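Data first, discussion second: the structure below is written as structure tokens.
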Amino acid sequence: MKKIRFNVITFPGSNCDHDSYWIPTVRGNEAEFVWHKDNSLKSPDVVFIPGGFSYGDYLRCGAIAKFSPIMQEVKRFADKGGLVIGVCNGFQILTESGLLPGALMMNKHLDFICKHQYLSVESINSPFTNLYQHKQILDIPIAHKEGNYYIDNDGLKSLQDNDQILFRYCDEKGNINADSNPNGAIDNIAGIVNINRNVLGMMPHPERASENVVNSQDGQTLFASIEKWIRERL
Amino acid sequence: MFKAKVFVSLKQSVLDPQGQVITNALHSQGYTSVVETRVSKYFEIMIDTNDKQKAEADLKSICDKVLANPNTESWKYELEGV
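Heads up: the protein sequence lines correspond to chains G and C, in order.
Using numbering that gives the first Met the number 0, read the first sequence as starting at 0 and increasing by one per residue.
Using numbering that gives the first Met the number 0, read the second sequence as starting at 0 and increasing by one per residue.
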């Protein structure tokens with residue numbers, strides 16, 4: 000059986016690239032690092048833009064990374080329907096690049112947050128969530144200072160109307176409200192897809208919740224969903 | 000040669016939590032007349048041309064594409080010959 004191939008983009012300042020490489024490979028897939036100055040991808044089925052502090056978060060988080068040569072290739076790959084997942088700084092890069100709508104702003108309470116966080120799966124209609132249950136409650140770690148998702152009212156309505164919100168912050172019982180919102184994100188948004196549903200951005204780190212040695216394994220189903228979706232199309 | 004002074008600010012419709020914290024600190028110091036603080040970024044950019052129209056065109060493009068995120072920020076500039 001052909002192995003699914005992940006490409007993990009490394010920018011100066013990326014620090015989750017090895018986690019993002021490790022998890023696909025321990026699941027039996029192939030993975031390759033791709034340097035930000037490279038002009039081509041390495042035949043990926045999935046592009047993974049990892050967390051970290053690309054270019055030191057200078058100017059704005061993700062603002063400089065969007066000008067990297069490799070991001071032009073990532074855009075081309077996404078435009079052709081290729082799966083792209085951006086986690087944390089990867090989500091910030093995807094919004095700055097225009098591959099996803101909205102922006103990630105400083106957390107409402109100005110703190111860097113590093114903790115386990117409950118998420119509600121809000122849509123299973125995507126390559127990334129198809130094996131979860133609708134409204135399933137997940138425990139996935141977050142670690143960010145600029146994770147406060149913002150979009151204007153028209154944009155928010157468009158995300159809602161088009162079922163583009165995949166994850167919302169919630170409490171352990173699944174309540175989605177201000178008390179269960181760690182960073183002030185509008186509508187408790189933790190992760191969205193683009194209108195074509197092939198580009199995912201999320202602040203929580205599924206790659207940090209995908210092995211038995213860590214407290215939560217709730218990220219495994221995200222990778223399993225991606226693998227299933229791709230295998231059905233090989 | 001032109002010197003551009005560029006100010007990038009959060010749009011008025013966007014919450015500025017840093018500005019709120021600063022306002023609270025100012026109140027605690029007795030500056031009770033302060034009603035709002037908005038935090039901005041300030042850039043000084045030197046542009047090597049004698050053509051003011053070109054300098055302005057470049058500057059607008061720089062602000063839109065690089066210095067500001069149009070989702071959340073607005074910008075303004077002052078341009079002076081040096």
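For each residue, glycine too, the CB sits at the ideal point set by N, CA and C.
Every value quoted in this text rests on a predicted model; they were computed, and no experiment measured them.
Residue-chain proximity (residue i, chain C), Cβ-Cβ < 8 Å
{"i": "residue 184 of chain G", "result": "no"}
{"i": "residue 156 of chain G", "result": "no"}
{"i": "residue 98 of chain G", "result": "no"}
{"i": "residue 210 of chain G", "result": "no"}
{"i": "residue 114 of chain G", "result": "no"}
{"i": "residue 107 of chain G", "result": "yes"}
{"i": "residue 121 of chain G", "result": "no"}
{"i": "residue 95 of chain G", "result": "yes"}
{"i": "residue 59 of chain G", "result": "yes"}
Beta-carbon proximity list for residue i, same chain, < 7 Å, skipping 5 on both sides
{"i": "residue 55 of chain C", "result": "78"}
{"i": "residue 72 of chain C", "result": "7, 8, 9 and 10"}
{"i": "residue 75 of chain C", "result": "6"}
{"i": "residue 234 of chain G", "result": "This structure leaves residue 234 of chain G out entirely; chain G is present only between 0 and 233."}
{"i": "residue 45 of chain C", "result": "0 and 2"}
Residue-chain proximity (residue i, chain G), Cβ-Cβ < 8 Å
{"i": "residue 49 of chain C", "result": "no"}
{"i": "residue 23 of chain C", "result": "no"}
{"i": "residue 20 of chain C", "result": "yes"}
{"i": "residue 11 of chain C", "result": "no"}
{"i": "residue 28 of chain C", "result": "no"}
{"i": "residue 17 of chain C", "result": "yes"}
Best match in the options for proximity to residue i [C-alpha to C-alpha]
{"i": "residue 212 of chain G", "options": "G:8, G:101 and G:25", "result": "G:25"}
{"i": "residue 217 of chain G", "options": "G:139, G:21, G:147 and G:155", "result": "G:139"}
{"i": "residue 67 of chain C", "options": "C:0, C:1 and C:5", "result": "C:5"}
{"i": "residue 20 of chain G", "options": "G:78, G:228, G:154 and G:86", "result": "G:86"}
{"i": "residue 120 of chain G", "options": "G:111, G:173 and G:2", "result": "G:173"}
{"i": "residue 77 of chain G", "options": "G:58, G:1, G:48 and G:53", "result": "G:48"}
{"i": "residue 83 of chain G", "options": "G:232, G:201 and G:215", "result": "G:201"}
{"i": "residue 10 of chain G", "options": "G:89, G:135, G:4 and G:196", "result": "G:89"}
{"i": "residue 43 of chain C", "options": "C:61, C:53, C:30 and C:29", "result": "C:61"}
{"i": "residue 169 of chain G", "options": "G:136, G:196, G:74 and G:198", "result": "G:136"}
{"i": "residue 204 of chain G", "options": "G:194, G:34 and G:215", "result": "G:215"}
{"i": "residue 156 of chain G", "options": "G:45, G:100, G:198 and G:104", "result": "G:100"}
{"i": "residue 40 of chain C", "options": "G:109, G:29 and G:59", "result": "G:59"}
{"i": "residue 80 of chain G", "options": "G:163, G:66 and G:46", "result": "G:46"}
{"i": "residue 153 of chain G", "options": "G:177, G:126, G:185 and G:166", "result": "G:185"}
{"i": "residue 197 of chain G", "options": "G:39, G:116, G:34 and G:73", "result": "G:73"}
Within chain A, partners of residue i - CB distance below 8 Å
{"i": "residue 71 of chain C", "result": "Checking the listed chains, one finds no chain A in this structure; the protein chains it contains are G and C."}
Residue(s) in a DSSP beta bridge with residue i
{"i": "residue 102 of chain G", "result": "G:149"}
{"i": "residue 171 of chain G", "result": "Note: residue 171 of chain G sits in no beta bridge, so no partner."}
{"i": "residue 76 of chain C", "result": "C:5"}
{"i": "residue 140 of chain G", "result": "G:115"}
{"i": "residue 9 of chain G", "result": "G:34"}
{"i": "residue 45 of chain C", "result": "C:2"}
{"i": "residue 84 of chain G", "result": "G:47 and G:199"}
{"i": "residue 166 of chain G", "result": "G:120 and G:190"}
{"i": "residue 4 of chain G", "result": "G:29"}
{"i": "residue 40 of chain C", "result": "C:7"}
Rounded distance between the beta-carbons of residue j and residue i, thought under 8 Å
{"i": "residue 208 of chain G", "j": "residue 118 of chain G", "result": "That pair is no contact at about 10 Å."}
{"i": "residue 6 of chain G", "j": "residue 31 of chain G", "result": "5 Å"}
{"i": "residue 149 of chain G", "j": "residue 102 of chain G", "result": "5 Å"}
{"i": "residue 187 of chain G", "j": "residue 175 of chain G", "result": "5 Å"}
{"i": "residue 109 of chain G", "j": "residue 16 of chain C", "result": "6 Å"}
Contact set for residue i: own chain, Cβ-Cβ below 8 Å, skip 5 residues either direction
{"i": "residue 227 of chain G", "result": "129 and 130"}
{"i": "residue 35 of chain C", "result": "18 and 22"}
{"i": "residue 63 of chain G", "result": "53, 54 and 57"}
{"i": "residue 112 of chain G", "result": "106, 141, 142, 143, 144, 146, 181 and 182"}
{"i": "residue 36 of chain G", "result": "67, 68 and 69"}
Residues near residue i in its chain [Cβ-Cβ closer than 6 Å; skip 5 each side]
{"i": "residue 25 of chain C", "result": "33"}
{"i": "residue 0 of chain C", "result": "47 and 81"}
{"i": "residue 22 of chain G", "result": "206 and 209"}
{"i": "residue 133 of chain G", "result": "123"}
{"i": "residue 61 of chain G", "result": "91, 92 and 95"}
{"i": "residue 13 of chain C", "result": "71"}
beta-carbon residue i near the ligand COA non-hydrogen atom, thresh 7 Å
{"i": "residue 79 of chain G", "result": "The ligand COA is absent from the structure shown, which contains no ligands of any kind."}
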